[in-house]
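Structure first, then comments.
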Amino acid sequence: MSTKVSDHILERLRDWGVDHVFGYPGDGINGLLAAWGRADNQPRFVQSRHEEMSAFEAVGYAKFSGRIGVCAATSGPGAIHLLNGLYDAKLDHVPVLAIVGQTHRTAMGGSYQQEVDLHTLFKDVASEFVETVTVPEQLPNVLDRAIRTAYARRCPTAIIIPGDVQELDYSAPTHEFKMVPSSLDRSDWTAVPSQESLERAAEILNSGDKPAILIGQGAAGARAEVERIAELLGAGVAKALLGKDALSDELPYVTGSIGLLGTRPSYELMRDCDTLLTIGSSFPYTQFLPDFGKARGVQIDIDPHMVGMRYPYEVNLVGDAKATLQRLIPMLDVERGGREWYDTVCGNVTRWREVMERRAQQSADPINPEYVARALDPLLPDNAIVTSDSGSTANWYARHLTMRPGMRASLSGTLATMGPGVPYAIGAKFAHPDRPAIALVGDGAMQMNGMAELITAAKYRELWEDPRLIVAIWNNHDLNQVTWEMRAMEGAPSFLPSQQLPDVQYAAFARSLGLTGIRVEKPEDVEAAWRAGLEADGPAVLEFLTDPAVPPIPPHASWEQMEATAASILKGDADRASMVKQGFKAKVQEFLPGREKK
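Numbering-wise (this note's numbering), the sequence shown opens with residue 25 and increments by one.
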């Protein structure tokens, strides 16, 4: 039997080490689906409930495995559905390959059913590489380049294969004019900055008395070096959300997340520092960085296109974080002065942890959402993989979960799209079937698409060596992050027709799928629910009824700002009394001594 183009594609994916493809079937990829049947489902076709979820699962797989994530969809509508997940990959710099079908070549240009100009559609999201395969000889070069580019540029790429091309007999490119051969190998490489730029950076870092370090996901491979330079400089280390698992939160000088969802010690670190070293982060909110002209800055980033645009850095070091720090550290002055700054940073961290503990212990109606995250924190397994969806849940993820060595965590950091929490966790389970995965999700995201992906979790649960996949839902009947943004940024009360959500029985739905489902309505049952989920013999849904009036207060919020926000909405907000009460209780914890108050 002859080898078809579709057979060769799957063979080439196997040669590249691809072991899973996340997708949804359709007649635009019927040739590929037939090839999967002939290939005994290798690489494994993982069926989601929706193509957007396939893309998110590929992103989650890539984020937690370090390998390329691959997704597949049919022509037209299926390809369109991939876009949101692919944009998530693009903005978070994740290697993902999309393989999509197209109508037959004979019908292209004929306004045929499901015909969409896919090359134009993907040209932005897969701007580094998108190509349509029209003859067999274009393979394997097109596929190889798509994979190499995704790895090298840390981005999504796409190949489009018309249905009739999938069915053609495969013929390799020959040694003829206008044929493009290809090869598989992709060796590792390391970029390092020049010696002169390293020396200039060292001069800046040695000159400071109050150094601060900001790290992102690009620092994840340089943990030991980040610890070493922080200790040499006596610096505090703040983390962008994508870098939450890049360094242990148990270190006394790690101030935690930065930004609107961040911590007060991170805000104070940036406010008061005189030197800033940014490693592997493109954190966009300049208002949370030092005032321009107050701090001297050095940046380290692997991507020359991403340096120098968030802060007026004096030196932009283009290079791998680990290799660059290894060269920079010996140039630093180890005979630095006193450690007053370091002690101040550590003291701020200690006080903030006490504040967060007190906030989590405040009463609410019915359950304080901060307490739900706080109760999980000490129970997290050392090898846990945690995903967070966008929304107010991300605040509690950012502030209450302590990352320890060996843990992994991520969310949609730059696109900040709703919906990736559950599919990220499913992708993580295929990347690491021997590790527990925990998705932290709001009820808005759960209703948007998370409930459907519980079916996917139920379908594949038997494949996972460690079958635990916990989906924790903050059920507050409100699109809570947008509600609070309307209050704080627009001075407007909650607009119930857009914000109010129905009370869905998520735990009952899980039980209908044969999964563990627990609905928690009282705070005294929260910890027991977490323990039950972690002890379950398969996927579990934990549904916590939480109070939407507990505010995700920004770290820089003053009493005056809170009073102005409250005054602007008191006359119109449906939840005004609870909101003011909970906001006062949360903010006042910053001013109490170190004993518990209720």
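Glycine is no exception: its CB is placed at the ideal position from the N, C-alpha and C atoms.
Is it a yes or a no for the region 389 to 407 touching the region 69 to 87, going by three-plus beta-carbon pairs under 8 Å?
Contact fails: fewer than three Cβ-Cβ distances are below 8 Å.
Just reading off the beta strand (DSSP E) that W508 is part of, what are its end residues?
First-last for W508: 504 to 509, but that is the alpha helix (DSSP H), not the beta strand (DSSP E).
Threshold first: 4 residues or longer. Then list the alpha helix (DSSP H) segments lying entirely within the region 409 to 434, N to C.
Those alpha helix (DSSP H) runs which fall completely within the region 409 to 434 and span 4+ residues are 416 to 424.
So, for D327: in the same chain, excluding its five sequence neighbours on each side, which residues have a beta-carbon less than 8 Å away from its beta-carbon?
Cβ within range, chain order: H117, R178, V342.
Rounded C-beta distance between S412 and L464? I'm assuming under 8 Å.
Rounded, the Cβ-Cβ distance is 5 Å, consistent with contact.
Assuming V396 is part of the alpha helix (DSSP H), what are its boundary residues?
V396 -> alpha helix (DSSP H) spans 393 to 400.
Rank G232, N65, A455, E152 by C-alpha distance to the C-alpha of K22 and give the top, closest one.
This structure does not reach residue 22, given that the chain is present from 25 up to 622, and the question cannot be answered.
Can you tell me whether K453 is buried or exposed? The criterion is at least 16 other CB atoms within 10 Å of its CB, across all chains shown.
Buried.
Can you list, in chain order, the residues of its chain whose CB lies under 6 Å from that of G474, leaving out five sequence neighbours each side?
Closer than 6 Å at Cβ, skipping near neighbours: V446, V465.
Closest to Y11 by C-alpha separation, out of A225, Y395, E152, would be which residue?
Outside the displayed range of the chain (25 to 622) lies residue 11, so it cannot be described from this structure.
Taking the alpha helix (DSSP H) that R543 falls in, what are its first and last residues?
Looking at the DSSP string, R543 is not in any alpha helix (DSSP H); the run it does join, the beta strand (DSSP E), is 540 to 544.
With respect to the alpha helix (DSSP H) encompassing T144, which residues constitute its N-terminal and C-terminal limits?
Run containing T144: 142 to 146, per the alpha helix (DSSP H) assignment.
Across the region 182 to 201 and the region 155 to 174, are there enough close Cβ pairs to call them in contact, namely three or more that are closer than 8 Å?
Touching, per the Cβ criterion.
I'd like to know whether the C-beta atoms of V271 and V250 end up nearer to each other than 9 Å.
Per the sequence shown, residue 271 should be read as Leu rather than Val. Against a cut-off of 9 Å, the Cβ pair of V250 and L271 comes out as a contact.
Between the region 93 to 109 and the region 412 to 426, can you find at least three pairs of beta-carbon atoms closer than 8 Å?
No, the region 412 to 426 is not in contact with the region 93 to 109.
Can F88 and G443 be called in contact, C-beta distance under 9 Å?
Against a cut-off of 9 Å, the Cβ pair of G443 and F88 comes out as no contact.
I'd like the ranges of any beta strand (DSSP E) spanning at least 3 consecutive residues and lying wholly in the region 144 to 223.
Listed in chain order, they are 154 to 156, 180 to 186.
With DSSP as the reference, identify every bridge partner of S281, one or two as the case may be.
Bridge partners of S281: K263.
Taking the alpha helix (DSSP H) that A556 belongs to, which residues open and close that run?
That run of the alpha helix (DSSP H) goes 550 to 559.
I'd like to check one pair, I253 with T299: are the Cβ atoms closer than 9 Å?
For T299 and I253, no; Cβs fall outside 9 Å.
State the DSSP-derived secondary structure class of N340, mapped to helix, strand or coil.
If DSSP states are grouped into helix, strand and coil, N340 belongs with the strands.
If we ignore side chains and look at the alpha-carbon of each, how far apart do T507 and Y309 end up?
Rounded to the nearest angstrom, the two C-alpha atoms are 21 Å apart.
Answer yes if the region 532 to 544 comes into contact with the region 376 to 384, meaning at least three C-beta pairs across the two stretches below 8 Å, and no otherwise.
No: fewer than three Cβ pairs fall under 8 Å.
Can you find the residues in the same chain that come closer than 6 Å, C-beta to C-beta, to L238, ignoring five residues on each side of it along the sequence?
Once the five neighbours on either side are set aside, the close Cβ partners of L238 are A262, T302, S305.
Along the beta strand (DSSP E) that carries A573, what are the first and last residues, could you check?
First-last for A573: undefined, no H or E at that position.
Does the separation of the CB atoms of R428 and D273 fall below 9 Å?
Closer than 9 Å, so yes.
If the criterion is Cβ atoms closer than 9 Å, does the pair L558 and I494 meet it?
Cβ distance < 9 Å, so L558 and I494 count as in contact.
Closer than 8 Å by C-beta to H32: which residues in its own chain qualify, once you throw out the five before and the five after it? Chain order, please.
So the qualifying residues of the chain are P160, L163, P164, Y194.
Taking the alpha carbon of E139 as the reference point, which residue from V166, A122, I104 has its own alpha carbon closest?
Taking only the C-alpha atoms, the option nearest E139 is I104.
Check whether the Cβ atoms of G468 and V373 sit closer than 9 Å, and answer yes or no.
Against a cut-off of 9 Å, the Cβ pair of V373 and G468 comes out as no contact.
Going along the chain, which residues of its own chain have a beta-carbon closer than 6 Å to the beta-carbon of A244, five neighbours each way excluded?
Only A270 meet the Cβ criterion.
For W40, which residues of its own chain have a beta-carbon under 6 Å away from its beta-carbon, when the five flanking residues on both sides are left out?
Taken in chain order, the residues that qualify are I171.
When you compare only the Cα positions, how much space is there between D315 and P289?
Cα to Cα, the separation comes out at about 16 Å.
Out of I53, K28, T27, R91, point me to the one whose CA is closest to H44's CA.
When only C-alpha atoms are compared, the closest one is R91.
Taking L107 as the reference, which of H501, D571, T441 has the closest Cα?
When each option's Cα is compared against that of L107, the closest is T441.
Using the Cα positions of L356 and V369, report the straight-line distance between them to the nearest angstrom.
Cα-Cα distance, rounded: 20 Å.
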